[in-house]
Every structure is written in structure tokens, then in C-alpha cells.
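*Asks:* Read the sequence shown against the working numbering and you will find it ends at 173, with the numbers running on by one and no gaps.
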Amino acid sequence: MYRTIICGIGMGSRETASRLLRRAAALVDKGGSLVVMHVIEGIPHRHLTELPEEFETTAIVDAEKKLASLCKEMKVPATIEVRIGVAASVLVSVARQKSADLILLSSHVTDITDYVFSSIVDKVVRHAGCSVLIDRRPDPAHEGSAPQVEDATLF
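1. State the start and end residues of the unbroken alpha helix (DSSP H) segment that holds V143.
2. Between which residues of its own chain and G28 is the CB-CB distance below 6 Å, once the five residues before and five after are set aside?
3. Would you tell me roughly how many angstroms separate the C-alpha atoms of V139 and D47, rounded to the nearest one?
4. Who are S111's beta bridge partners in DSSP?
5. With 16 other CB atoms within 10 Å as the buried threshold, where does G30 fall?
6. Could you check whether the region 69-84 touches the region 105-112, counting it as contact only if at least three pairs of C-beta atoms, one from each stretch, sit closer than 8 Å?
7. Nearest CA to the CA of V57: which residue from L151, P95, V94, L123?
8. Classify D153 as helix, strand or coil using the three-state DSSP reduction.
9. Name the two residues that bound the continuous beta strand (DSSP E) containing C25.
10. What residue range is occupied by the uninterrupted beta strand (DSSP E) comprising E33?
11. By the 10 Å Cβ neighbour count, where 16 or more other Cβ atoms means buried, how is M19 classified, buried or exposed?
12. State the start and end residues of the unbroken beta strand (DSSP E) segment that holds E99.
13. Measure the beta-carbon distance from R37 to D153 and round it to whole angstroms, keeping in mind my assumption that it falls under 8 Å.
14. Determine the direct distance from the alpha carbon of L52 to that of L151, and round the result to whole angstroms.
15. What do you reckon, are the CB atoms on M92 and L45 nearer than 9 Å?
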């Protein structure tokens, strides 16, 4: 199994987050560490004047509460980390800092931006210094449907 796992929880459903957390808990060694991460993508500078000063702090606290609640509900001991930045870069950087053995992520419904800019998962797979496990089960809300823009909140 794995000594240190980074479990990246993105903007998907609570069901996907639960599935990833359950899988990470099953894969971590007894006495190992599980880091549950969410990355809030940076906000373009041109929009900073339109947002309240406390926007980033509020977003971080809100995501931490949701992830802590999910971990508690599922009885999964984990360290919660919420950061702001470019998701793929932050995930790879934290994995290196923590000497992670595994990064666990979920795939999503592909859209045109993935073809133009590459997806977070693609970038993590290319740049991670450890193994990367991709959960490919689609969210039930997206199964058999056209790609949709997801809500900008964590589950």
C-alpha cells in the first residue's frame, strides 16, 4: 500500500468526493498519512477589484469545513489542506513536499478546454514524481449526458 497519499478533491459531487476518500483510506498504510486537498484556482487580477477582500479567506474556510465534515462523517483520519493556485502545480508541489507515494484524483467529463489547455489530471500525471491513480467512474449526474459546466463550489 502507500505511506503518504494526497487525495485531490475537486469541484465534483459529494458522491465522487466520498468515493475518492473511501479509496484513499483503503490504500493508505496503517500509520500512514492521508492528505485531503482542494485547490481554489487563482482569480485573474482583473477581477480582484470586483470581489470582497475576504473572498479568498472565506473560500478556504468554507472548503476546509466541508472536507473536515466529510472526513468526520466517513470516520477517515486525514489532514485537510486547502490552497489557492494552479491546481496541478499545487498538487504536484505538495506531493513532493510531503514525499507522497500516491496522488489520487478523479477524472471528469472532458470538454473543449481540456483539448486546448490540457486537464489538471493530465498535468499531474505528466509532472508528478510519484504514482498517480485516476478514478474514472463518472459522476451519476453526468452519466450519459453532454458535458456541463460544474458549479463553482466544492460539492
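Beta carbons: idealized from backbone N, C-alpha and C, even for Gly.
All values derive from a computational prediction rather than experimental measurement.
*Replies:* Inspection of the coordinates gives the following:
1. Per DSSP, V143 belongs to the alpha helix (DSSP H) from 138-145.
2. If we look at G28 and ignore the five residues flanking it on each side, it has no Cβ neighbours.
3. Between the C-alpha atoms of V139 and D47 there is a straight-line separation of about 24 Å.
4. The partner list for S111 (beta bridge, DSSP) is empty, contrary to what the question assumes.
5. Classification for G30: buried.
6. Output reads no: the region 105-112 does not touch the region 69-84.
7. Ranking the options by Cα distance to V57, first place goes to L123.
8. Residue state, collapsed to three classes: strand.
9. 20-26 is the span of the beta strand (DSSP E), which, as asked, contains C25.
10. Not the beta strand (DSSP E): E33 falls in the alpha helix (DSSP H), residues 32-45.
11. The Cβ neighbour count for M19, taken over all protein chains shown within 10 Å, is under 16; the residue is labelled exposed.
12. Its beta strand (DSSP E) spans residues 97-103.
13. Indeed they touch by this definition, with Cβ atoms about 7 Å apart.
14. Spanning the two alpha carbons is a distance of roughly 14 Å.
15. In this structure, L45 does not lie closer than 9 Å to M92 by Cβ.
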